[in-house]
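My numbering puts the first residue of the sequence shown at 187, with every later residue one more than the last.
The beta carbon of each residue, even a glycine, is placed where N, CA and C say it ideally should be.
None of the values given here were measured: they were computed from a predicted structure.
Report on one structure; see the data block that follows.
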Amino acid sequence: MTITTIKVDSTTRDRLRSYAARQGLTMDAALRQMTEVAEREQRLAQLRTEIEANPPDASYVAELKDWESDAWT
């Protein structure tokens, strides 16, 4: 693994250090974790947008209501 330096405000560095310590992580692990969470949230937001842009058609909604009705109990 190659080590590198990134320039951040000292307040950001201190907050990251504090967060990592509270989580029992290194600063590198904390950054990786935060990046993974942010990327996941971004993927889910994109998925929500795509789902909203493609609503189910009427036949699907009707069939779903039928399956969820008490007729099957």
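The closest CA to that of Arg-218, considering only Leu-202, Ala-231, Pro-241, is found on Leu-202. With fewer than 16 other CB atoms across the displayed protein chains lying within 10 angstroms of its CB, Ala-215 is exposed. Asp-214 carries a helical assignment under DSSP once its states are collapsed to helix, strand and coil.
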